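Single-structure report; data block below.
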Amino acid sequence: MTRQFSGQSAWRPIARGSPRARRPASAPASAALLLAGALLLGACTGQIGLRQAQDQTCARARLDAAARLFDDARQQTIKHYTTRVNQALHAAYYASADSIAVARSIRRCWDFDRTYKTEAIELIRTNILLQRMVKLNMRDPEPLVATTLLQEQYHEIFDHDIDALNVGPN
18 MTRQFSGQSA
28 WRPIARGSPR
38 ARRPASAPAS
48 AALLLAGALL
58 LGACTGQIGL
68 RQAQDQTCAR
78 ARLDAAARLF
88 DDARQQTIKH
98 YTTRVNQALH
108 AAYYASADSI
118 AVARSIRRCW
128 DFDRTYKTEA
138 IELIRTNILL
148 QRMVKLNMRD
158 PEPLVATTLL
168 QEQYHEIFDH
178 DIDALNVGPN
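Whatever position you read off the sequence shown (first residue = 1), add 17 for this note's numbering.
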């Protein structure tokens, strides 16, 4: 079934001479005045205008933060050597781990390039060396406890006894 139209279209273009087609002459002037007022208000409040360039970029700020964390880890290590406090070693290890994490996050910066990459790699290497040194100085007060724990876990996994195996020299 087709629908019959009455012959008149529902849409008609507005004639050029009609009152609806004419705009008042003051419309462009009032729009320009409104825009100028908004710009003036924005400039006075500091929202719009020339912003000063940031002192540091994303990668530089992260590298500096990682370097500060490394310096903190180094100071904690020095504190351990002077006072023999074990908590200083733990603080040094965690500060070094945080420094590595911050240095690795530089990849996500928008201004990441080769110079920042090489600096980050060197900072990560020095932090890893510091972590190794800290681990060597962390002494277990009872090393036999860790050995017995590992042996108990080994017995849970395997059903035969370790001592029953004659692996060593007779």
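We put the CB at the ideal spot given by N, CA and C, even for glycine. Since the structure is predicted, the reported quantities are computational estimates derived from the model, not experimental observations.
Which one of the options has the shortest CA to CA distance from residue i?
i	options	result
residue 127	50, 74, 85, 107	74
residue 151	49, 106, 124, 141	106
residue 81	94, 52, 121, 111	121
residue 129	79, 50, 51	79
residue 156	104, 111, 85, 125	104
Determine whether the beta carbon atoms of residue i and residue j lie at a separation below 8 Å.
i	j	result
residue 133	residue 145	no
residue 147	residue 113	yes
residue 135	residue 87	no
residue 116	residue 90	yes
What separation, rounded to the nearest whole angstrom, lies between the Cα atoms of residue i and residue j?
i	j	result
residue 5	residue 109	Residue 5 lies beyond the range of the chain shown here (18 to 187); nothing can be said about it.
residue 15	residue 118	Given a span of 18 to 187 for the chain in the structure shown, any question on residue 15 remains unanswerable.
residue 48	residue 56	12 Å
residue 101	residue 94	10 Å
residue 67	residue 99	Bear in mind that the predicted position of residue 67 carries a pLDDT of just 43, short of 50, making it too unreliable to give a figure here.
residue 149	residue 111	12 Å
With a cut-off of 8 Å on the beta carbons, I'd call residue i and residue j a contact; round off their distance for me.
i	j	result
residue 140	residue 76	About 12 Å; that fails the 8 Å criterion.
So residue i is in the alpha helix (DSSP H); what residue range does that whole segment cover?
i	result
residue 129	Segment: none, residue 129 is in no alpha helix (DSSP H) and carries neither H nor E.
residue 100	75 to 100
residue 117	103 to 121
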